[in-house]
Each structure stands twice: as C-alpha cells, then as structure tokens.
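Heads up: the structure comes next, in structure tokens.
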Amino acid sequence: MRAFRVWMLPLLLAAPATAAHAIDLPTRKPGLWELKMQRAGSAGEDLTMQHCTDESTDKKMTSAVQPMATEACSKQDIQKTATGYVNDTVCNVAGMTTKSHAEISGDFNSAYTVKVTSQNENPLPGVPKSSNMTLDAKWLGACKDGQKPGDIVMPGGIKMNIADMEKLKALIPKK
C-alpha cells in the first residue's frame, strides 16, 4: 500500500487539478482502461490497475479531487500544447511542498500518457526528494461483466469504486 501512496501523490497533484481552469482535459472514452504507472530508477514498484469508467465518472473524479487541490495547491497552471497539455502545480500536503510538471499526450480514446517530474521540499518519510513517473493508459474495450463505472481493480485483486471513496470522504469531519 505504501507504493500506491507514493505513486499516487504526484499524479493526483499533477493531473486532476485542472477543473478550476478554462482548459479542461477531455474525458476518456467509456469502458475499461488499463493504467500502468512506472517510477524511473525504481525496481519493483510499477503499478498496474484497471479502471471502468464513463463520462460522468471521469467528471466526478475531477470534481471530487478539485476542492482538495484548490486548498492544497498555490499554483495550478494547465496549458494546451501542440501535442496535448502541460500542467504545472505547486502543492503543500502534510507539510511537504511538491512542485510538479506534467506533460499529457494522447487521444483519450485509445491511449494517453502522463509524464510527471516532481521536486519535493521537506519530503515525507518514504517519499523521494525528486521523482519522475510515467502513467501509460490504454483502452481495453467494454467494462467486464459485473463492473460498473468507477470500479477500480488494483494489484492483488483489490477492488474499490470511486463512489465509495466519495461516501468515505463525506464521513470525515470538516475543520
């Protein structure tokens, strides 16, 4: 589980924090997506998962993360480029400031790639001072029988749904 947290922090800070901007990333083609996350220079920490999605689920994921990103990030700048998008963020989570640069390319119908370079000031235990991560996503086809939009299958067969995470978030006391 530690590897999942280390992987996800830069990706969460870099990619989804775009809803507050005039430029939004396109939604992915509905169906089953395979997401492979790789951290450069690290053996054995690659992570592959599958995510069943539709347009509504993709939009909900962005809107669920956006309040956290708005609160935690002093900079969220996304720009359209000739080959896709570039997103630069500066965020502070648990006393760790992370500066991230993400390059996003692909068509969001069959495949896309997110390359993230992050620099961490005051890194948390187990988090490197700098990292380079790549997310390669490819569309596999229709979701499998019994899957519904939002279902994620993690390594080891761990299953969860984005909607369930929203329910858990609602139980957390507000400051």
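Read left to right, the sequence shown gives residues -22 to -1, 1 to 153 (mature numbering (1 follows the signal peptide of the UniProt record, and there is no 0)).
Even for Gly, the Cβ is constructed at its ideal location relative to N, Cα and C.
Chain-order list of residues whose beta-carbon lies under 6 Å from that of residue i (same chain, five-residue window excluded)
i	result
Asp129	Cys30, Asn139
Gly62	Ile82, Ser83
Gln125	Cys30
His(-2)	Because the pLDDT at His(-2) is just 45, under 50, the model does not fix this residue reliably, and the value given afterwards should be weighed accordingly. Cβ within range, chain order: Ile56.
Lys77	Val68, Gln97
Span separating the alpha-carbon of residue i from that of residue j
i	j	result
His79	Val64	7 Å
Ala141	Met27	17 Å
Ile136	Lys58	35 Å
Lys107	Thr67	16 Å
Asp2	Leu25	26 Å
Pro4	Lys38	13 Å
Ala60	Ser34	27 Å
Val105	Tyr90	26 Å
Met111	Asp123	32 Å
Ala134	Asp36	One point to set straight first is that residue 134 is Gly, not Ala, in the sequence displayed. Going from the Cα of Gly134 to the Cα of Asp36 covers about 24 Å.
Element boundaries [beta strand (DSSP E), containing residue i]
i	result
Leu3	Neither: Leu3 is in no beta strand (DSSP E) and is coded neither H nor E.
Cys51	51 to 58
Gly119	108 to 119
Asn139	137 to 139
Asn98	89 to 99
Val105	From DSSP, Val105 is part of no beta strand (DSSP E); its letter is neither H nor E.
residue 176	Because the chain is modelled from -22 through 153, residue 176 falls outside the range shown and cannot be assessed.
Lys77	74 to 84
Asp123	Counting along the chain, Asp123 falls outside any beta strand (DSSP E), and DSSP gives it neither H nor E.
Thr67	62 to 71
C-beta atoms of residue i and residue j nearer than 8 Å
i	j	result
Thr75	Glu99	yes
Leu113	Val92	yes
Asn70	Lys7	no
Asp55	Pro127	no
Cutoff 7 Å; reference residue i; Cβ partners in own chain excluding five residues on either side
i	result
Lys53	Asp66, Thr67, Val68
Leu102	Ala72, Met74
Item to check | Stretch-stretch touch, CB-based, cutoff 8 Å, three pairs: the stretch 5 to 14 with the stretch 112 to 127 | outcome: With contact defined as three or more Cβ pairs closer than 8 Å, the stretch 5 to 14 and the stretch 112 to 127 are in contact.
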